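What follows is one structure encoded as structure tokens, with my remarks underneath.
Protein chains: 2
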Amino acid sequence: MFKIDVKIPAVKAASYAIEIGTGFLRTLWRRIEADFDGHNKFVVTDENLVSAGHVGALLGQSEAPRFVISPAGEVSKNIDTVVSIIETMEQASLGRDSVIIALGGGSVGDIAGFAAAVFKRGVPVIQIPTTPVSQADASVGGKTGVDSLVSKNAFGAFWQPAAVYIDVETLRTLAEREYRAGMVESVKHALIADESYFDFLESNLDLILRREADVLERLAHYNCRIKASVVEADPREKNQRRMLNYGHTLGHAVESASGYELLHGEAVAIGILGAGLIERELDLGQAESRERIRRIFEKLGVPTSIPSNLTKDKILDTIRRDKKAVNMWPRFVLIEKIGCVYCEDGQWAVDVERDLVEKVLDELFCPVS
Amino acid sequence: MFKIDVKIPAVKAASYAIEIGTGFLRTLWRRIEADFDGHNKFVVTDENLVSAGHVGALLGQSEAPRFVISPAGEVSKNIDTVVSIIETMEQASLGRDSVIIALGGGSVGDIAGFAAAVFKRGVPVIQIPTTPVSQADASVGGKTGVDSLVSKNAFGAFWQPAAVYIDVETLRTLAEREYRAGMVESVKHALIADESYFDFLESNLDLILRREADVLERLAHYNCRIKASVVEADPREKNQRRMLNYGHTLGHAVESASGYELLHGEAVAIGILGAGLIERELDLGQAESRERIRRIFEKLGVPTSIPSNLTKDKILDTIRRDKKAVNMWPRFVLIEKIGCVYCEDGQWAVDVERDLVEKVLDELFCPVS
Chain S
0 MFKIDVKIPA VKAASYAIEI GTGFLRTLWR RIEADFDGHN KFVVTDENLV SAGHVGALLG
60 QSEAPRFVIS PAGEVSKNID TVVSIIETME QASLGRDSVI IALGGGSVGD IAGFAAAVFK
120 RGVPVIQIPT TPVSQADASV GGKTGVDSLV SKNAFGAFWQ PAAVYIDVET LRTLAEREYR
180 AGMVESVKHA LIADESYFDF LESNLDLILR READVLERLA HYNCRIKASV VEADPREKNQ
240 RRMLNYGHTL GHAVESASGY ELLHGEAVAI GILGAGLIER ELDLGQAESR ERIRRIFEKL
300 GVPTSIPSNL TKDKILDTIR RDKKAVNMWP RFVLIEKIGC VYCEDGQWAV DVERDLVEKV
360 LDELFCPVS
Chain G
0 MFKIDVKIPA VKAASYAIEI GTGFLRTLWR RIEADFDGHN KFVVTDENLV SAGHVGALLG
60 QSEAPRFVIS PAGEVSKNID TVVSIIETME QASLGRDSVI IALGGGSVGD IAGFAAAVFK
120 RGVPVIQIPT TPVSQADASV GGKTGVDSLV SKNAFGAFWQ PAAVYIDVET LRTLAEREYR
180 AGMVESVKHA LIADESYFDF LESNLDLILR READVLERLA HYNCRIKASV VEADPREKNQ
240 RRMLNYGHTL GHAVESASGY ELLHGEAVAI GILGAGLIER ELDLGQAESR ERIRRIFEKL
300 GVPTSIPSNL TKDKILDTIR RDKKAVNMWP RFVLIEKIGC VYCEDGQWAV DVERDLVEKV
360 LDELFCPVS
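In the order they appear, the protein sequences are chains S and G.
Taking numbering that gives the first Met the number 0, the leading residue of the first sequence gets 0, the next gets one more, and so forth.
Taking numbering that gives the first Met the number 0, the leading residue of the second sequence gets 0, the next gets one more, and so forth.
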């Protein structure tokens with residue numbers, strides 16, 4: 000009998016930059032060419048970005064090989080799309096010296112990030128997020144993943160980007176409903192981490208709805224700083240990072256039960272209001288704050304109650320199958336007050352009785368008069 | 000314009016154990032159950048391991064969910080198999096607390112290791128290699144990967160095992176040809192790293208061919224130590240680790256040109272002899288050593304010349320498409336003497352003129368009389 004210990008060497012701390020600005024997409028390619036000189040570039044984007052003109056703006060005359068995801072959106076966020084991307088890269092004779100440039104929303108970033116993580120055992124990825132959610136959230140943290148036939152995010156990897164470029168001008172071409180729903184993640188960030196950010200959102204909502212560049216840059220800055228500080232404290236989602244799931248446990252369940260008729264942000268708004276009702280039942284938070292949150296969602300024009308064509312049973316069933324569930328029931332992230340997550344015995348997600356959740360769901364079905 | 004630097008935290012050095020013994024497969028499951036208490040176990044193996052009785056030996060009465068790769072071998076080492084494994088795990092409601100146990104040869108280890116790297120953003124994998132090549136090589140280093148339709152190892156990840164268990168008794172059930180071909184990687188390890196190991200192989204070849212347990216344990220121990228020391232010095236294959244490719248540049252090309260009629264080890268034996276001829280032309284190494292290497296391969300009964308039904312053009316074409324090629328021509332690993340790789344200006348793989356390689360190929364087609 001022999002025994003050998005194999006050492007796995009340490010990996011040094013590193014960092015990457017997120018740059019936030021307005022209208023720099025048209026000059027970015029030259030910079031990427033310079034920064035990644037000698038690397039083959041491969042662009043992953045989707046058909047919406049082509050028709051909005053952003054692919055043309057980024058690439059100009061460049062004939063860099065590319066993969067245009069079609070149809071755009073969650074429906075293509077699956078392993079088949081990743082396989083097609085890798086095979087397209089192979090056919091273009093790209094090797095380990097490649098860099099993938101992801102231009103698009105959260106799905107594009109997830110798909111392209113995962114493809115970069117697994118192509119030839121990993122190549123760098125540059126993220127250029129173009130939606131409120133991806134600019135607020137998906138570009139920081141290194142989570143990538145795609146769905147299997149059976150469930151969401153069955154495939155995935157932690158893969159940090161080499162650089163992130165946020166041009167808030169890309170938000171101008173978004174449809175109104177997508178844009179408004181996308182702002183919900185910003186509200187979530189404010190609720191879990193920064194009361195002054197919540198004040199900023201409240202007082203600038205008109206400018207936000209007019210998509211004013213200066214305000215959007217500040218929004219992206221707030222969001223990325225908050226996300227980065229949470230992720231740096233807990234990169235592999237052992238505990239604290241779970242606070243980013245505020246409103247998401249109920250939100251995911253409502254989104255799934257709607258057959259994805261509700262947009263992610265719309266469902267999360269309902270989930271955040273649901274978390275508020277749970278907090279009320281547990282004597283956390285203040286009624287006045289809950290009212291402020293409701294008003295912000297009303298001004299954003301996102302739903303504040305569960306659509307009546309959904310059923311409570313279906314929502315409960317999805318909650319039970321939550322990927323973070325233990326014994327068929329997930330823990331919930333709650334806040335003590337705006338900007339401050341409730342933490343019990345070092346845990347950032349807490350047990351909530353099933354009866355209480357059912358009661359809250361009943362209430363969420365009734366629009367407040 | 001804003002700029003944020005996101006820190007990616009350091010990852011501490013870690014280690015895992017390789018245990019080498021004889022006949023402990025039957026009691027190993029109990030130990031895995033104890034070491035990974037509270038984790039769901041999922042076994043990946045192939046039909047050969049089932050029919051050889053090793054799956055039964057490992058699992059006993061356990062009804063742990065499993066995936067049996069069929070057909071066994073390289074032909075199943077592709078992304079479709081990985082997708083089937085992940086979907087089987089999903090259907091068994093396995094979550095992030097799972098551990099994958101890989102029982103089999105190199106392909107099983109590669110497939111299961113890659114599945115572990117991408118399931119729910121990564122779960123631990125225990126490797127139980129059962130062939131000479133996987134015991135010598137694949138169980139150390141953390142390289143995992145599978146093929147796309149277009150090329151070999153297009154998908155992959157670096158994913159270190161949580162533990163490796165080598166039971167040399169599993170080698171007893173292997174077919175004679177596979178067993179003998181598998182010994183070529185041991186010869187390669189001796190050639191690049193340890194002359195005394197080469198002496199050991201030479202003097203124990205009869206016991207090796209009789210699959211004597213004590214000698215096989217020592218072989219596995221030599222192999223894993225050599226592989227581990229090379230990998231520890233260069234975990235991401237920047238330079239020094241390339242020495243493990245000794246004999247593989249020509250070997251891969253001959254293997255591919257044979258349409259995989261030649262086993263990997265058989266092709267690598269030809270590649271090692273080819274490297275020896277290149278060394279002779281460049282005045283490296285000694286004629287006497289080359290003769291010792293040829294004799295060891297003759298006693299192993301592996302080919303010492305390129306089969307006459309292969310064509311030089313096809314082999315050259317594959318060399319040009321080598322994944323490590325730059326400007327359509329790879330560098331070659333060469334040795335100065337047994338146990339010592341030739342290193343030029345800090346490079347462990349060196350340029351060799353195409354004409355010289357062609358000349359060597361011509362010579363490799365002619366069996367030595």
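Even for Gly, the Cβ is constructed at its ideal location relative to N, Cα and C.
Computed from a predicted structure; not experimentally measured.
For the beta strand (DSSP E) containing residue i, list its first residue and its last residue.
i             : result
residue 323/G : Run containing residue 323/G: none; DSSP gives neither H nor E here.
residue 157/S : 154-157
residue 14/G  : 13-20
residue 101/S : 97-103
residue 270/S : Premise fails: residue 270/S lies in the alpha helix (DSSP H), 263-280, not in any beta strand (DSSP E).
residue 142/S : 142-145
Please return the same chain residues whose Cβ sits closer than 6 Å to the Cβ of residue i, not counting the five positions on each side in sequence.
i             : result
residue 262/G : 180
residue 127/G : 102 and 164
residue 123/G : 98 and 161
residue 306/S : none
residue 296/G : 268 and 303
residue 271/G : 246
residue 73/S  : 106
Under the rule that 16 or more other beta-carbon atoms within 10 Å means buried, what is residue i, buried or exposed?
i             : result
residue 259/S : exposed
residue 224/S : buried
residue 0/S   : exposed
residue 70/G  : exposed
residue 348/G : buried
residue 393/G : The structure shown has nothing for residue 393/G, since chain G only spans 0 to 368.
residue 120/G : buried
residue 159/G : buried
residue 308/G : exposed
residue 345/G : exposed
residue 37/G  : exposed
residue 257/G : buried
At 7 Å on the CB atoms, spell out the chain G contacts of residue i, in chain order.
i             : result
residue 78/S  : 82
residue 292/S : Here the premise fails: no neighbours, minimum Cβ distance about 26 Å.
What residues in its chain sit with their C-beta under 8 Å from that of residue i, if we drop five residues either side in the sequence?
i            : result
residue 34/S : 162
residue 49/G : 55 and 67
residue 81/S : 110, 113, 114, 117, 145 and 154
For the alpha helix (DSSP H) containing residue i, name the first residue and the last one.
i             : result
residue 337/G : Segment: none, residue 337/G is in no alpha helix (DSSP H) and carries neither H nor E.
residue 253/G : 247-256
residue 291/G : 286-299
residue 221/S : 212-232
residue 26/G  : 24-34
residue 313/S : 311-319
residue 164/S : Not the alpha helix (DSSP H): residue 164/S falls in the beta strand (DSSP E), residues 162-166.
residue 331/G : It is not in any alpha helix (DSSP H) - residue 331/G carries neither H nor E in the DSSP assignment.
residue 47/G  : 46-50
What residues of chain S sit near residue i, judged by a beta carbon separation below 8 Å?
i             : result
residue 374/G : Missing from the structure shown is residue 374/G; chain G here goes from 0 to 368 and no further.
residue 220/G : 1 and 3
residue 111/G : In chain order: nothing, as chain S lies at least about 15 Å away.
residue 157/G : 120 and 121
residue 11/G  : 9
residue 139/G : 5
List the residues of chain G whose Cβ lies closer than 9 Å to the Cβ of residue i, in chain order.
i             : result
residue 227/S : 3, 4, 5 and 6
residue 14/S  : 4, 5, 6 and 7
residue 17/S  : 1, 2, 3, 4 and 5
Using a Cβ-Cβ cut-off of 7 Å (strictly less than) and excluding sequence neighbours within five positions of residue i, which residues of its own chain qualify?
i             : result
residue 288/S : 336 and 337
List the residues of chain S that residue i touches, going by C-beta distances under 7 Å, in chain order.
i             : result
residue 377/G : Because chain G here runs from 0 to 368, residue 377/G falls outside it and cannot be looked at.
residue 20/G  : 0
Taking C-beta pairs closer than 8 Å, name the residues in chain G that residue i reaches, listed in chain order.
i             : result
residue 234/S : 7 and 8
residue 231/S : 5, 6 and 8
Just the chain S side, please: which residues come within less than 9 Å of residue i by C-beta, in chain order?
i             : result
residue 144/G : 117, 119 and 120
How do the stretch 16-33 of chain G and the stretch 162-171 of chain G stand: do at least 3 beta-carbon pairs fall below 8 Å, yes or no? yes
Check whether the stretch 183-190 of chain S and the stretch 149-158 of chain S are in contact - that is, three or more C-beta pairs closer than 8 Å. no
Examine the Cβ distances between the stretch 269-284 of chain G and the stretch 330-346 of chain G and report whether three or more of them are shorter than 8 Å. yes
Does the count of Cβ pairs from the stretch 133-141 of chain S and the stretch 56-64 of chain S closer than 8 Å reach three? no
Determine, using beta-carbon pairs with one atom in the stretch 355-366 of chain S and one in the stretch 5-19 of chain G, whether at least three such pairs fall under 8 Å. no
Measuring CB atoms only, is the stretch 242-253 of chain S touching the stretch 312-323 of chain S, in the sense that at least three cross pairs come out at less than 8 Å? yes
The stretch 31-50 of chain G in contact with the stretch 91-109 of chain G per 3-pair CB rule at 8 Å: yes
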